[in-house]
Amino acid sequence: MFSISFPVRSYELDSYNHVNNAVYLSYLEFTRMEYLTATGFDYQKFAEAGYMLYVTSVNIKYKLSARLFDTLTVEVYPIKLRKASGTFKQIIKNQHGDVCVEAEVGWACVSRATGKPTKLPDEYITAGLKPAE
Numbered sequence: 000m001f002s003i004s005f006p007v008r009s010y011e012l013d014s015y016n017h018v019n020n021a022v023y024l025s026y027l028e029f030t031r032m033e034y035l036t037a038t039g040f041d042y043q044k045f046a047e048a049g050y051m052l053y054v055t056s057v058n059i060k061y062k063l064s065a066r067l068f069d070t071l072t073v074e075v076y077p078i079k080l081r082k083a084s085g086t087f088k089q090i091i092k093n094q095h096g097d098v099c100v101e102a103e104v105g106w107a108c109v110s111r112a113t114g115k116p117t118k119l120p121d122e123y124i125t126a127g128l129k130p131a132e
C-alpha cells in the first residue's frame with residue numbers, strides 16, 4: 000500500500016465549511032499519479048510510445064466530512080488488472096484514522112492515435128499496476 004498525507008487547505012472548502020465533494024477526486028488523482036511514479040511507471044515514455052491511461056469510472060463513498068486543518072492520508076493499491084484495464088482501491092482517512100472516503104477507480108489503456116482501448120504493453124506493466132498476490 001502506498002500513501003501520501005497533506006493538510007486540508009482553505010480553498011478546498013465549500014459553503015458547508017468542509018472539503019467539497021469534487022476536491023476528493025483531485026486528492027485521488029494526485030495520489031494515483033504519485034503512486035505510479037514511485038512504483039516505476041513512466042508516464043512520459045508511455046505517452047511518447049502512443050498510450051494514455053484514462054479513468055473510466057469512479058465509485059466513491061463519502062463517509063465523513065474533512066475540515067480545515069485536518070491532515071488527510073490517501074492510500075492507493077491496485078485490485079484488478081486486465082489486458083487493457085484495471086482498478087485501484089483508494090481510501091482517504093483523517094488524522095484520527097477515521098475513513099472519510101472510499102473509492103474504486105477504473106482505468107483503461109487507450110491508444111493516443113485512435114482514442115480506443117488497447118492492450119497494455121507488457122513493458123509498462125509495473126508493480127504499481129499489479130494487485131497484491
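If you're matching positions, the sequence shown starts at 0 in numbering that gives the first Met the number 0 and goes up one per residue.
In this text, a Cβ means the ideal position worked out from N, Cα and C, and glycines have one as well.
- Assignment of residue 117 by DSSP, reduced to helix, strand and coil, places it in the coil class.
- According to the DSSP assignment, residue 42 belongs to the alpha helix (DSSP H) that extends over 42-47.
- Secondary structure within the segment 77-113: the beta strand (DSSP E) runs of 3 or more consecutive residues, fully enclosed, are 84-92 and 98-110 (chain order).
- In this structure residue 105 is in contact with residue 55, their Cβ atoms being roughly 4 angstroms apart against a cut-off of 8 angstroms.
- Fewer than three Cβ pairs drawn from the segment 60-75 and the segment 113-125 lie within less than 8 angstroms of each other, which leaves the two stretches out of contact.
- Judged by DSSP in its simplified three-state form, residue 67 adopts coil rather than helix or strand.
- When only Cα atoms are considered, residue 95 and residue 131 end up about 26 angstroms apart.
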